[in-house]
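Using our numbering, read the sequence shown as starting at 2 and increasing by one per residue. Every residue gets a Cβ at the ideal spot worked out from N, C-alpha and C, and that includes glycine.
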Amino acid sequence: MQWNLNNFTKLAFTRLIQPFGDNLNDVVKITKAFGFAANVYSGLFRNESHEPYINHAMKVALILSDELKVHDVDTICAAILHDAIDKSKDNNAVVEDLRSNFGENIYDTIRILTEPKTNEENREKLLVKYFENISKGPKMSRFIKLADRLDNARFLKNDRKKEKALRYKEETQKYILPLAEKTDDTMALKLSIALYEIK
């Protein structure tokens with residue numbers, strides 16, 4: 002399978018494993034998560050851009066590692082894999098592969114983070130339940146969701162589709178900012194700044 006990687010992807014991977022350099026098992030686990038994600042996200046690009054989708058996953062992991070100094074290997078692996086179920090062509094196979102390759106802890110985190118399929122009629126109701134589950138879930142899942150939203154907000158500030166960006170901003174202010182304020186002051190501040198820049 003052909004992976005679509007660019008220079009950022011390779012640099013991000015190197016930066017991610019640096020804090021784990023003294024523990025070969027952790028480096029192997031992150032490498033395995035990266036390879037798994039690169040396969041699942043292969044051929045996917047971010048919101049009509051030319052940026053490989055894997056870069057979003059790497060940026061989420063880097064926000065945790067570089068900006069928040071989270072150096073828990075399971076959290077970093079789950080961050081890299083956080084969209085694996087959403088983006089896979091075969092959800093059932095990916096679920097089984099995640100369980101067998103990364104264990105229940107990482108799989109459960111990814112499952113909690115997987116957004117429900119919605120339509121206009123049931124979107125609000127399902128999102129309320131989804132964000133409640135994240136709020137009640139393990140701290141690891143909250144941090145990953147916050148990093149995910151932060152990276153998306155930073156990306157959307159330059160999006161030409163202003164209506165979409167403003168909808169995302171509104172949803173993030175409604176559901177995610179309160180979660181950020183309960184979880185981590187630094188993350189709440191970073192997210193507030195990123196949302197302010199979406200105009």
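Do residue i and residue j have their C-beta atoms closer together than 9 Å?
| i | j | result |
| --- | --- | --- |
| Ala62 | Ile81 | yes |
| Asp67 | Met141 | no |
| Thr184 | Leu127 | no |
| Ile107 | Asp149 | no |
How many angstroms separate the CA atom of residue i from the CA atom of residue j?
| i | j | result |
| --- | --- | --- |
| Glu172 | Phe144 | 17 Å |
| Ser136 | Leu180 | 6 Å |
| Ala34 | Asn123 | 33 Å |
| Asn92 | Lys158 | 31 Å |
| Phe37 | Leu17 | 16 Å |
| Asn102 | Arg168 | 36 Å |
| Leu151 | Lys70 | 16 Å |
| His22 | Ala166 | Contrary to the premise, residue 22 reads as Gly rather than His in this sequence. Computed Cα separation, rounded: 38 Å. |
| Gly138 | Gly104 | 17 Å |
Does DSSP classify residue i as helix, strand or coil?
| i | result |
| --- | --- |
| Pro117 | coil |
| Pro179 | helix |
In or out: residue i buried (at least 16 other Cβ within 10 Å) or exposed?
| i | result |
| --- | --- |
| Asp27 | buried |
| Val95 | buried |
| Asp186 | exposed |
| Lys170 | buried |
Contained alpha helix (DSSP H) runs [length at least 4] in the region 6 to 46, N- to C-terminal order
Listed in chain order, the complete alpha helix (DSSP H) runs (minimum 4 residues) inside the region 6 to 46 are 8 to 18 and 25 to 41.
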